[in-house]
Amino acid sequence: MSVTMPLLFKAWRESSGRFLLGAALLAATCVLGVVCRDGLIGWYAPRGEFIGDRYVGYIYRLIYGGPARALFVILSMVLALGGLQRERLHRTVGFTLALPVSRLHLTLAQALLGVGQIAVLSVLPLLTLMMCSRLAHVSYPLGQMARFALLWFVGGTVFFAIAFLSAILFSSEYAALAISFVFSIFYPVATLIPPLSRYPLNIHHIMSGMAMPYFDAREALLVGAPPWMLLACMMAVAAALIAVAVQVARQRDFC
Amino acid sequence: MTDDPIIETRGLSRRYGRVEAVRDLSFTVERGQITGFLGRNGAGKSTTIKMLLGMIRPTAGTGRVLGYDIDDPVQSVQIRRRIAYVGEDKGLYGYMSVGELIRFTRSFYPDWQPQIEARLLQDYQLPLGRKVKAISKGMRTKLALLLALARRPELIILDEPSEGLDPVSIEELLQALQEIRAGGTSVFFSSHQLSEVEQIADRVLMIDHGRLVMDTLLSNLLNNYRNITVEIAAQEPMPAFSLAGVERTRVTGRQARVLASSNVEGIVDYARALSATVQVTPVNLREVFLDMVRDTT
Amino acid sequence: MLWYKMWRESRIRFAIGAAALLWMCALVVALQQRVRARADEPLSYARYIWAAVYKANVLDLFILLVIVLGLGGVLQERAQGTAGFTLSLPVSRWRLVSARASMGLIQVALLALLPALLIPLLSPFFGEAYSFARALQFSALWAGCGMLVFAMAFFFSCVLPGAYSPAVASVAGLLAYSVLADLSWLARFPALDLFGTMHGAQLSVQAAPTLASFAAPLPWLALGLYAGIALGLIGAAGSVVARRDFS
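Laid out in structure tokens, this is it:
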């Protein structure tokens with residue numbers, strides 16, 4: 001009998017509140033952006049700053065390169081928290097570890113569900129903007145939304161993996177959250193230090209396209225082919241971080 | 001069914017920094033028996049149980065449950081597949097309803113018995129739709145017991161199972177444990193309630209400061225253990241009772257209380273040879289427990 | 001001893017926050033030459049510090065850390081099974097709430113002070129100077145605005161179940177606030193622009209102040225407004241906790 005489904009169910013029940021709240025807030029930001037565009041466009045896309053469709057620049061500044069992306073990054077990290085260390089605090093770890101499944105299974109199920117939730121969140125702006133823009137008689141290119149969704153998914157998975165490892169390493173749930181937040185801010189600054197500064201390592205920039213060769217800042221559009229090699233490397237880093245987290249969980253005593 | 005012990009430990013130890021929670025613990029638990037695991041708070045009972053379940057790794061020694069190595073993560077899964085466990089804090093997922101938690105747990109065990117589940121649900125009167133976090137501590141204990149008993153495990157390990165239960169429920173629990181033993185399941189349970197252990201246990205393991213201090217059949221304890229009170233005349237020095245069968249000696253003034261597991265006649269003869277007044281009384285589990293653990297603090 | 005409990009519950013977060021802020025500030029100072037050399041136009045050291053610390057990365061970190069400091073409380077204790085013990089202490093729930101809020105606000109103020117302590121001290125080692133009075137002004141802005149951020153997280157942690165939902169709600173609330181503050185009809189009231197006040201752009205261009213002129217350019221109206229709202233939010237949180245049943 002497969003134990004993956006019940007473990008995914010458990011992981012879902014543990015994170016559904018955060019996920020649904022986050023999804024609602026992300027969707028609300030997109031809806032608000034479209035509905036209040038007349039009031040906000042002057043701030044986010046001043047006349048003459050972008051070539052072409054000003055609405056495209058505005059959506060980029062507000063959603064794909066702005067506050068909505070910041071919210072997505074935070075959500076990616078928050079979704080990774082929890083797990084066995086938190087169960088220890090809530091005194092359910094005994095029941096969980098007595099189940100006839102390996103810790104590998106337990107932690108992988110949590111990671112799998114989290115990555116799935118990030119995938120949903122990364123396409124949420126696409127779905128919301130597509131519907132709202134149509135209702136508001138404005139349009140944003142579908143191809144751009146799909147490509148940003150891909151960048152968000154990969155970047156979000158790396159942030160998720162960092163927080164996932166942090167949640168296994170630190171017994172205090174708030175300490176894990178603080179460490180994840182510190183990483184998300186410290187990391188881009190660290191990429192300025194040589195020799196790191198020579199490489200495109202800033203995940204925030206990779207997600208928004210800022211200062212990247214695959215992004216035209218004047219038009220606020222992604223251009224050329226997606227950076228497949230870069231994205232593959234990022235996914236490999238995320239996988240490695242999750243693997244480390246699983247290994248730590250397997251070795252750790254939960255008393 | 002084999003004759004191999006269902007639990008076997010050899011020199012099992014667990015250290016937390018400078019504290020030795022469990023020291024050099026070696027014991028065996030036979031199949032088909034109810035074994036009571038006794039000890040004071042902090043004696044190392046829960047640590048031992050958690051090591052048996054693979055939640056904590058031993059710092060030294062080995063252990064086998066159902067023939068599987070407790071220190072091997074893969075074999076540990078096999079152990080947990082074939083046993084049932086009720087933890088001391090009865091921590092269950094508060095965010096699930098009672099029904100959801102039963103369905104969740106059921107999905108891990110092919111040997112789940114729906115008819116037992118239905119009977120226990122009726123006996124315990126558990127509200128299926130209510131969230132686990134909203135039910136009382138007693139109800140939570142009953143739910144934890146249902147999740148463990150609604151299967152045919154080869155071994156059931158319970159850590160303080162009666163904690164939080166009312167007297168009627170405790171009686172029902174003890175009866176249920178005897179029934180599942182009759183059905184071939186071995187029971188290993190820790191408890192502070194000595195009367196419960198005395199009521200159902202076949203064998204008693206006693207642990208103190210992480211060390212095993214007693215491993216005996218309960219019937220042997222009740223039939224053969226004796227308290228020998230020796231009162232020495234004022235001019236005589238108090239002798240050392242280093243004789244076969246002496247488990248503990250407690251000296252108060254001119255009086256010595258000797259707990260003997262065997263060789264009662266020999267000890268009595270030895271005392272009488274010293275012109276002492278000797279009184280022999282039978283013991284119960286409570287007295288033995290207090291004798292074994294009280295003076296070692 | 002109530003303060004001791006609050007300190008014990010938050011000290012790891014505070015220590016992580018303090019260490020991270022100090023490390024980030026040190027890094028910004030240490031990297032100043034390299035970053036300023038790559039700037040599109042000449043960038044004074046004071047302007048660089050403002051852009052890197054008081055307007056951007058370090059400020060973002062401060063805000064996130066303040067949110068983390070606002071989390072916790074009796075509602076969260078319930079999940080860990082310690083709420084019963086806490087509520088059985090012979091103190092009112094209002095005292096519990098006010099002790100936690102006070103400890104949190106002190107920690108926020110201390111975090112806000114850290115850049116002011118480090119940057120002026122460290123700058124000479126890298127051949128630069130930064131006015132302590134100016135750094136203190138920014139710290140005052142951070143502490144005042146941080147109160148509101150803290151109070152928001154504090155309020156959410158008293159009304160929302162789950163350890164992380166209050167954090168998500170706080171981040172979303174702040175982002176929504178930042179977007180709404182940009183709406184043209186709200187932009188007319190600069191005192192309502194929390195992040196604008198926190199950035200303290202006007203302080204970045206002002207000549208290096210002295211300690212004697214320290215208080216003069218601070219936006220006291222806005223800071224008073226935030227303090228009022230923060231106290232209101234903490235009061236509302238206390239009221240929710242006082243009325244709630246903890247089964």
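Protein chains in written order, with the UniProt record's numbering: chain A, 1 to 255; chain B, 1 to 297; chain C, 1 to 247. All C-beta atoms in this analysis are idealised placements derived from N, C-alpha and C, irrespective of residue type, glycine included.
Residue i and residue j closer than 8 Å at C-beta
i, j, result
"Val-29 of chain B", "Ile-7 of chain B", "yes"
"Arg-80 of chain B", "Gln-113 of chain B", "no"
"Gly-94 of chain A", "Met-55 of chain B", "yes"
"Leu-128 of chain B", "Val-86 of chain B", "no"
"Arg-13 of chain C", "Val-68 of chain C", "yes"
"Val-108 of chain C", "Leu-40 of chain A", "no"
"Val-115 of chain A", "Leu-7 of chain A", "no"
"Tyr-220 of chain B", "Ala-244 of chain B", "First, the amino acid is wrong: residue 220 of chain B is Asn here, not Tyr. Contact: no."
"Met-145 of chain A", "Leu-129 of chain A", "yes"
"Gly-70 of chain C", "Ala-153 of chain C", "yes"
"Cys-158 of chain C", "Leu-194 of chain C", "no"
"Ile-207 of chain B", "Ala-43 of chain B", "yes"
"Ala-20 of chain C", "Leu-61 of chain C", "yes"
"Arg-93 of chain C", "Ala-236 of chain C", "no"
"Arg-257 of chain B", "Asn-224 of chain B", "no"
"Ser-162 of chain B", "Leu-149 of chain B", "no"
"His-205 of chain A", "Ala-211 of chain A", "yes"
"Gln-80 of chain C", "His-90 of chain A", "yes"
N-terminal and C-terminal residue of the beta strand (DSSP E) that residue i is part of
i, result
"Asp-159 of chain B", "155-159"
"Pro-282 of chain B", "277-282"
"Asp-24 of chain B", "19-29"
"Glu-247 of chain B", "246-252"
"Glu-77 of chain C", "Here Glu-77 of chain C belongs to no beta strand (DSSP E); instead the alpha helix (DSSP H) covers 74-80."
"Glu-8 of chain B", "7-16"
Residue burial classification, residue i (beta-carbon count within 10 angstroms, cutoff 16)
i, result
"Tyr-130 of chain C", "buried"
"Glu-87 of chain A", "buried"
"Met-1 of chain C", "exposed"
"Thr-297 of chain B", "Note on Thr-297 of chain B: pLDDT 39, under 50, position unreliable in the model; no value is reported."
"Leu-75 of chain C", "buried"
"Ala-68 of chain A", "buried"
"Gln-85 of chain A", "buried"
"Gly-63 of chain B", "buried"
"Met-5 of chain A", "exposed"
"Thr-252 of chain B", "exposed"
"Lys-55 of chain C", "buried"
"Asp-3 of chain B", "exposed"
"Asn-284 of chain B", "exposed"
"Thr-249 of chain B", "buried"
"Tyr-270 of chain B", "buried"
Residue nearest to residue i in terms of C-alpha spacing, selected from the options
i, options, result
"Met-24 of chain C", "A:Leu-192, A:Ala-68, A:Ile-206, A:Leu-222", "A:Leu-192"
"Arg-37 of chain A", "A:Gly-48, A:Ala-24, A:Phe-19, A:Gly-57", "A:Gly-57"
"Arg-203 of chain B", "B:Arg-211, B:Asn-41, B:Arg-15, B:Ser-190", "B:Ser-190"
"Val-120 of chain A", "A:Asp-253, A:Pro-227, A:Ala-27", "A:Ala-27"
"Gly-52 of chain A", "A:Tyr-140, A:Val-246, A:Ala-239", "A:Tyr-140"
"Phe-72 of chain A", "A:Gly-209, A:Pro-200, A:Thr-157, A:Phe-186", "A:Thr-157"
"Ile-162 of chain A", "A:Val-182, A:Val-31, A:Phe-148, A:Tyr-55", "A:Val-182"
"Ala-175 of chain A", "C:Val-35, C:Ala-222, C:Gly-72, C:Trp-50", "C:Gly-72"
"Leu-259 of chain B", "B:Tyr-93, B:Arg-272, B:Thr-281, B:Leu-274", "B:Thr-281"
"Ile-63 of chain C", "C:Arg-8, C:Arg-47, C:Trp-142, C:Phe-125", "C:Trp-142"
"Ala-238 of chain A", "A:Ser-2, A:Ala-80, A:Val-138, A:Pro-200", "A:Ala-80"
Opening and closing residue of the alpha helix (DSSP H) in which residue i lies
i, result
"Arg-34 of chain C", "32-37"
"Ala-260 of chain B", "Careful: Ala-260 of chain B lies outside any alpha helix (DSSP H), inside the beta strand (DSSP E) at 255-260."
"Ser-170 of chain C", "165-181"
"Arg-69 of chain A", "67-80"
"Phe-85 of chain C", "83-88"
"Ser-180 of chain A", "173-190"
"Gly-114 of chain A", "103-135"
heavy atom of the ligand SAH below 7 Å from residue i C-beta
i, result
"Arg-69 of chain A", "Judged by which ligands are present, the structure shown has none, so any question about the ligand SAH falls away."
Residue i at chain E interface by Cβ criterion, 8 Å
i, result
"Trp-43 of chain A", "Note that chain E does not occur in the displayed structure, where the protein chains are A, B and C."
Completely contained alpha helix (DSSP H) runs for the stretch 161-227 of chain B, where each covers 4 or more residues:
167-182, 194-200, 218-224
To test your reading of the DSSP string, which unbroken alpha helix (DSSP H) runs of 4 or more residues are found completely within the stretch 86-164 of chain B?
98-106, 114-124, 137-149
Contained alpha helix (DSSP H) runs [length at least 4] in the stretch 23-87 of chain B, N- to C-terminal order:
45-52, 73-82
Starting from the N-terminal side, write out each stretch of the alpha helix (DSSP H) that is 4 residues or longer and does not extend beyond the stretch 14-70 of chain C.
32-37, 45-49, 57-70
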